[in-house]
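S.K.: Mind having a look at this structure? Questions to follow.
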Amino acid sequence: MTDTTEPGAAPLHTDVLVVGGGPSGAAVATWLAREGHTVTVVEKRKVARHKACGDALTPRAVSELRKLGIDPVDLGGHIVAGVRMLHGERELEVPWPKHPDLPDHGVVLRRDLLDEHLRQRATQSGATVLMGHEATSPIVERGFVRGANLSVDGKPRQVHSRFVVVADGANSSFGRGLGTTRDHNWPYGIATRSYWSSPRSSEAWIESTLGPPDANGNPIAGYGWVIPVGDGTVNAGVAVLSTYRDVRGVNALKLLDSFAQGIAHRWGIEPNALLKAPSRFRVPLGGSVGPKMGPTFLVVGDASGAANPFNGDGVDAALMSGRLAADVLHEALTTGNSTTLQRYPTMLAEAVGQYHKVGRLTARFLGRPGILRPTLKLAMRSDRAMGAILRIAANEMRTEQSGGAERAYALATAITRFAPNW
Ligand SMILES: Cc1cc2nc3c(=O)[nH]c(=O)nc-3n(C[C@H](O)[C@H](O)[C@H](O)COP(=O)(O)OP(=O)(O)OC[C@H]3O[C@@H](n4cnc5c(N)ncnc54)[C@H](O)[C@@H]3O)c2cc1C
């Protein structure tokens with residue numbers, strides 16, 4: 567449904583208002599609209615934007631997109647077979663793990679294209695998507711959130727709704743207005759990226775440099791990536807864990823610069839010819855933002871800190887949390903019983919709660935140079951060890967079969983029972 571109302575006009579009424587038209591917001595809107603509910607998405611950007619991202623869709627993200635009827639390869643996405651891990655002189659090519667429910671490949675697709683197609687899918691399913699509409703504050707009636715005040719070209723407008731979904735990304739100013747906060751004891755990531763022209767833009771491997779060196783040559787708890795986009799460019803960036811002992815001394819933009827110098831010859835890039843100005847972003851990880859719900863609202867995607875604590879990937883988690891949120895909202899709208907929303911945090915915890923806890927614990931240990939260095943050396947010695955690490959980092963453990971990854975994960979899970987809730 568396309569909205570034809572002039573900005574500043576009469577208030578809109580809808581079953582569900584979704585604040586934010588990124589992957590999490592578009593997913594929740596599509597699932598709900600398919601069930602016949604009235605959904606309105608407000609997105610502050612006027613046109614498709616290029617969100618700072620590595621543009622990599624893991625097999626899990628590809629699988630979530632297919633559930634929405636979107637195949638990113640059909641949209642011009644570039645297929646990637648796995649991850650080439652680098653550390654020091656060592657180099658290992660690790661294919662995406664085989665998993666009975668997930669594709670055996672990832673896809674690289676620029677975020678402006680992905681987000682635009684996701685919003686189109688929401689519209690085709692019957693949702694109303696309003697671009698250039700920024701939610702500035704919640705409408706609260708008798709203590710319940712019932713919509714949002716908007717700014718449209720500087721003019722006020724209102725949307726009244728029975729329920730609100732907070733999907734406004736990592737900064738989540740709307741969510742914070744409702745009382746969400748990040749747990750400051752839990753890790754976050756600091757990431758930055760840019761694009762370069764490269765003759766190797768069409769190759770089939772994502773490259774990940776584990777523990778890139780800091781200014782003194784010591785490995786950082788994090789990684790540098792080069793992601794071939796398949797259109798003549800590569801997306802390269804660095805991510806550092808907040809648990810890294812010397813994190814305060816890390817200048818992410820300088821780190822990106824020295825990383826670009828380091829990969830220049832290998833990838834045939836001109837390090838100073840950046841195609842996009844890089845900035846530094848904070849990525850909340852491992853479910854670190856809460857609460858995840860209120861009596862009439864749910865929080866999804868980066869606004870809930872949903873990104874993977876092992877690698878900072880968050881598109882799959884954004885799509886998944888959008889799907890779960892739609893499930894409980896559908897039930898609440900159908901039965902008229904809004905206490906159903908209380909199921910959402912439990913569903914999230916069942917899906918990824920334990921995984922997040924193991925990830926947060928791992929991040930805490932890898933922040934210590936005395937643990938990081940020998941771990942990297944040991945892991946890089948064997949294809950099988952790296953295969954297991956990629957399986958865990960991509961959350962591709964199997965339930966029916968057990969290999970090295972499943973055994974290591976079971977051990978880590980047992981350890982987390984005795985660890986504090988980091
Ligand atoms: C440098 C970097 C690299 C990354 N690389 C990867 C990667 O390769 N693969 C991966 O899976 N993940 C990656 N991530 C994480 C991924 O980008 C996020 O997890 C994902 O975008 C989360 O989706 P979302 O819908 O929750 O939030 P977002 O994508 O941030 O979408 C939120 C939307 O809400 C809109 N909005 C915000 N406030 C308002 C408001 N008040 N009113 C209306 N609209 C509003 C925004 O304009 C935006 O469109 C990376 C992150 C960073 C920072």
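Each residue of the sequence shown is one higher than the one before, counting from 567 in my numbering. Ideal placement from N, C-alpha and C gives every residue a C-beta, glycine not left out. Remember, predicted model here, so these are calculated numbers, not experimental data.
(1) Measuring only the C-alpha atoms, how far is residue 570 from residue 837?
(2) Mind listing, in chain order, the continuous beta strand (DSSP E) runs of no fewer than 3 residues lying wholly within the segment 572-640?
(3) Tell me the rounded alpha-carbon separation between residue 671 and residue 889.
(4) Go to residue 791, then tell me how far its beta strand (DSSP E) extends in each direction, as first and last residue.
(5) Please classify residue 984 as buried or exposed, where buried requires at least 16 neighbouring CB atoms within 10 angstroms.
(6) Do the segment 647-662 and the segment 601-617 touch if we need at least three Cβ pairs shorter than 8 angstroms?
(7) With a Cβ-Cβ cutoff of 7 angstroms, do residue 867 and residue 887 count as a contact?
(8) Return the first residue and the last residue of the beta strand (DSSP E) that residue 982 is part of.
(9) Taking residue 743 as part of the alpha helix (DSSP H), name the residues at either end of that continuous run.
(10) Using a Cβ-Cβ cut-off of 6 angstroms (strictly less than) and excluding sequence neighbours within five positions of residue 713, which residues of its own chain qualify?
(11) Report the option in 746, 769, 729, 691 whose CA atom is closest to the CA atom of residue 903.
(12) If you follow the alpha helix (DSSP H) that residue 836 is part of, which residue opens it and which one closes it?
(13) State whether the segment 872-883 contacts the segment 930-947, with contact taken as three or more CB pairs (one from each stretch) at a distance under 8 angstroms.
(14) Leaving out five residues before and five after residue 911 in sequence, what residues of the same chain have Cβ atoms less than 7 angstroms from its Cβ?
(15) Distance, Cα to Cα, residue 579 vs residue 731?
(16) Look at the Cβ atom of residue 785, then the Cβ atom of residue 938, and state whether they are nearer than 7 angstroms.
(17) Going straight from the alpha carbon of residue 749 to that of residue 823, what length do you get?
(18) With 16 as the cutoff for other CB atoms within 10 Å, does residue 657 come out buried or exposed?
(19) Please tell me whether, using a cut-off of 6 angstroms, the distance from the CB of residue 611 to the nearest non-hydrogen atom of ligand 3 is below it.
(20) How is the beta strand (DSSP E) around residue 699 delimited, first residue to last?
(21) State yes or no: is the C-beta of residue 599 within less than 7 angstroms of the C-beta of residue 717?
(22) Does the beta carbon of residue 847 fall short of 6 angstroms from some heavy atom of ligand 1?
(23) Just to confirm, does residue 620 get its C-beta within under 6 angstroms of one of the non-hydrogen atoms of ligand 1?
(24) Alpha carbons only, please: which of 788, 843, 820 is nearest the one belonging to residue 811?
(25) By how many angstroms is the C-alpha of residue 849 removed from the C-alpha of residue 803?
(26) Label residue 700 either buried or exposed according to how many other C-beta atoms from any shown protein chain fall within 10 Å of its C-beta, with 16 as the threshold for buried.
(27) Can you find at least 3 beta carbon pairs, one from the segment 623-633 and one from the segment 738-753, that sit closer than 8 angstroms?
(28) Give the DSSP-derived three-state secondary structure of residue 966 in the structure shown.
(29) Starting from residue 931 and walking both ways along the alpha helix (DSSP H), at which residues does that stretch end?
(30) Does DSSP put residue 661 in a helix, a strand or coil?
(31) The alpha helix (DSSP H) spanning residue 724 covers which residue range?
(32) Taking 6 angstroms as the cut-off, is the CB of residue 880 close to at least one heavy atom of ligand 1?
(33) Distance, Cα to Cα, residue 796 vs residue 674?
(34) Between 907, 920, 764, 661, which lies nearest to residue 831 when the distance is taken from Cα to Cα?
(35) Please return the same chain residues whose Cβ sits closer than 6 angstroms to the Cβ of residue 697, not counting the five positions on each side in sequence.
(36) Please work out which residues of its chain come closer than 7 angstroms, Cβ to Cβ, to residue 813, disregarding the five sequence neighbours upstream and downstream, and give them in chain order.
M.R.: Straight from the coordinates:
(1) Residue placement at residue 570 cannot be trusted, given a pLDDT of 40 that sits under 50; what the coordinates show is reported in the next sentence. The straight-line gap from Cα to Cα measures roughly 46 angstroms.
(2) 578-585, 605-609
(3) 22 angstroms
(4) 788-794
(5) Around the C-beta of residue 984, fewer than 16 other C-beta atoms lie within 10 Å, and the residue is accordingly described as exposed.
(6) no
(7) yes
(8) Element bounds for residue 982: not the beta strand (DSSP E) but the alpha helix (DSSP H), 970-984.
(9) 739-743
(10) 583, 705, 725, 726, 727
(11) 729
(12) In the DSSP annotation of this structure, residue 836 is not part of any alpha helix (DSSP H), being labelled neither H nor E.
(13) Verdict: no, contact absent.
(14) 858, 859
(15) C-alpha separation (whole angstroms): 15 angstroms.
(16) yes
(17) Those two C-alpha atoms are separated by around 31 angstroms.
(18) exposed
(19) Of the ligands one can find in the structure shown, namely ligand 1, none is ligand 3.
(20) In the DSSP assignment, residue 699 falls within the unbroken beta strand (DSSP E) covering 699-707.
(21) The answer is no: Cβ separation not under 7 angstroms.
(22) yes
(23) yes
(24) 788
(25) 14 angstroms
(26) buried
(27) no
(28) Residue state, collapsed to three classes: coil.
(29) 920-932
(30) strand
(31) It is not in any alpha helix (DSSP H) - residue 724 instead sits in the beta strand (DSSP E) that spans 721-732.
(32) yes
(33) 8 angstroms
(34) 764
(35) 609, 612
(36) 806
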